[in-house]
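In what follows, a single structure is set out as structure tokens and then discussed.
In this note's numbering, the protein residues as written are -13 to 28.
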């Protein structure tokens, strides 16, 4: 399962996982996002 967090750093993600009791085995930074809100308007 994947979760996407908007967080200032990796430690915040790990702390949230710890508090909620689920593993954060791998954390990867998403450098860019493509979705309807990022589309260029023509």
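Note that the Cβ used here is the ideal one computed from N, Cα and C, for glycine as well.
This one's a predicted model, so the numbers in the text were calculated from it and none came from an experiment.
Exclusion of the five residues before and after residue -7 leaves -1 as the residues of its chain whose Cβ lies within less than 7 Å of its Cβ. Taken atom to atom, the span from the alpha-carbon of residue 2 to that of residue 23 is near 26 Å. Exclusion of the five residues before and after residue -4 leaves 13 as the residues of its chain whose Cβ lies within less than 6 Å of its Cβ.
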